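Participant:
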Amino acid sequence: MGVLALQGDVEEHRTALTRAGAEVRSVRTPGDLEGLEGLVLPGGESTAIGRMMERAGLLEPLRARAAAGTLALFGTCAGMILLAREVLGGAPPRLGVLDVTVERNAYGRQVDSFEVDLPVPALGEAPVRAVFIRAPVVRAVGPGVEVLATWRGHPVLVRQGRHLASAFHPELVDDLRLVRHFLTLATRAG
Ligand code: GLN
Numbered sequence: 002m003g004v005l006a007l008q009g010d011v012e013e014h015r016t017a018l019t020r021a022g023a024e025v026r027s028v029r030t031p032g033d034l035e036g037l038e039g040l041v042l043p044g045g046e047s048t049a050i051g052r053m054m055e056r057a058g059l060l061e062p063l064r065a066r067a068a069a070g071t072l073a074l075f076g077t078c079a080g081m082i083l084l085a086r087e088v089l090g091g092a093p094p095r096l097g098v099l100d101v102t103v104e105r106n107a108y109g110r111q112v113d114s115f116e117v118d119l120p121v122p123a124l125g126e127a128p129v130r131a132v133f134i135r136a137p138v139v140r141a142v143g144p145g146v147e148v149l150a151t152w153r154g155h156p157v158l159v160r161q162g163r164h165l166a167s168a169f170h171p172e173l174v175d176d177l178r179l180v181r182h183f184l185t186l187a188t189r190a191g
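Pasting the structure below:
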């Protein structure tokens, strides 16, 4: 598994994936993608990360591998923005492989950051502790997108094929169920 290591909470994702039993590599160049089954795009600042991805020449190879179905992607928070087809509120350079429209920083100033116990039926009965930090709001999802969890009427965890995106930060809690869910998507055949 790779973690896009240009900016943001890279170490937390490396730790969570390692704890979930994955072999982990930091990704900074197209060469780092070789042999990877999955890549996590961490939270951070999506404009900064998107510009660095562009400069590093990572956008095209990642789009190609995502389209060919040979690489599973998991975008968390800023990473979700980098996967989104449409972005409102300052669109950064990005992959655009996930058929969703997101609006950056749209939960509002008063609730910049918050934590909730989020029911995620696909992960079992116990809710997931979801940490939101200046999170994007998902405004629309395309027909091929499965909504795995919603909060206050907005999707906050979605899946399209082998790609996963969350508006919250699964790497900041001890619960590894969501990280394991991604590993299952990334390592299953086809
Ligand atoms: N607000 C950030 C952005 O728009 C994302 C925040 C995060 O990743 N925690 O890029």
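Residue numbers (the numbering used here): 2 to 191. Backbone N, C-alpha and C fix where the C-beta goes; we use that ideal spot for every residue, glycine too. Being a predicted model, the structure only gives us computed values, none of them experimental.
1. Tell me the DSSP secondary structure of threonine 16 in three-state form.
2. Please determine, among Gly80, Cys78 and Leu63, the residue with the shortest C-alpha to C-alpha distance to leucine 72.
3. Relative to the alpha-carbon of methionine 54, which residue among Ala17, Gly143 and Thr30 has its alpha-carbon at the smallest distance?
4. Would DSSP call valine 146 helix, strand or coil?
5. Can you name the start and end residues of the alpha helix (DSSP H) that valine 180 belongs to?
6. Just to confirm, are valine 157 and arginine 130 a CB contact at a threshold of 7 Å?
7. Assign glutamate 24 to one of three DSSP states: helix, strand, or coil.
8. Between the C-alpha atoms of glutamate 104 and valine 159, what's the straight-line distance to the nearest angstrom?
9. How is leucine 1 classed by DSSP in three states: helix, strand or coil?
10. So, using beta-carbon positions, are cysteine 78 and glycine 44 closer together than 7 Å?
11. Output yes or no for whether 7 Å exceeds the beta carbon distance between leucine 124 and arginine 178.
12. Taking contact to mean at least 3 C-beta pairs separated by less than 8 Å, is the region 76 to 95 in contact with the region 36 to 52?
13. Where does leucine 5 fall in DSSP's three states?
14. Alpha carbon to alpha carbon, how far is valine 180 from alanine 23? Give it in angstroms, no decimals.
15. Going by alpha carbons, who is nearest to arginine 163 out of Val28, Asp10, Leu99 and Gly58?
Facilitator: This is what the structure holds:
1. Position 15 of the sequence shown, counted from the first residue, corresponds to residue 16. Threonine 16: helix per DSSP, three-state reduction.
2. Within the sequence shown, residue 72 is the residue found at index 71, counting from 1. Nearest option by C-alpha distance: Leu63.
3. As a working note, residue 54 is residue 53 in the sequence shown. For methionine 54, the nearest C-alpha among the options comes from Thr30.
4. Position 145 of the sequence shown, counted from the first residue, corresponds to residue 146. Here valine 146 sits in coil by DSSP.
5. Along the sequence shown, one-based indexing puts residue 180 at 179. Element bounds for valine 180: 178 to 188.
6. Numbered from its first residue, the sequence shown carries residue 157 at position 156. Numbered from its first residue, the sequence shown carries residue 130 at position 129. Contact flag unset, no.
7. Here residue 24 is taken as the residue at index 23 of the sequence shown, counted from 1. Coil at glutamate 24, not helix or strand.
8. As a working note, residue 104 is residue 103 in the sequence shown. As a working note, residue 159 is residue 158 in the sequence shown. Straight-line spacing of the CA atoms in glutamate 104 and valine 159 works out to 15 Å.
9. A question about residue 1 goes unanswered here, because the residues of the chain that appear run from 2 up to 191.
10. Position 77 of the sequence shown, counting from 1, holds the residue named residue 78. Position 43 of the sequence shown, counting from 1, holds the residue named residue 44. Cβ distance < 7 Å, so cysteine 78 and glycine 44 count as in contact.
11. One-based indexing of the sequence shown puts residue 124 at position 123. One-based indexing of the sequence shown puts residue 178 at position 177. Yes, the Cβ-Cβ distance between leucine 124 and arginine 178 is below 7 Å.
12. Flag = yes, the region 76 to 95 and the region 36 to 52 touch.
13. The residue given as residue 5 occupies position 4 in the sequence shown. Here leucine 5 sits in strand by DSSP.
14. Looking up residue 23 in the sequence shown gives position 22. Looking up residue 180 in the sequence shown gives position 179. One C-alpha to the other measures close to 10 Å.
15. Within the sequence shown, residue 163 is the residue found at index 162, counting from 1. Answer by Cα proximity: Leu99.
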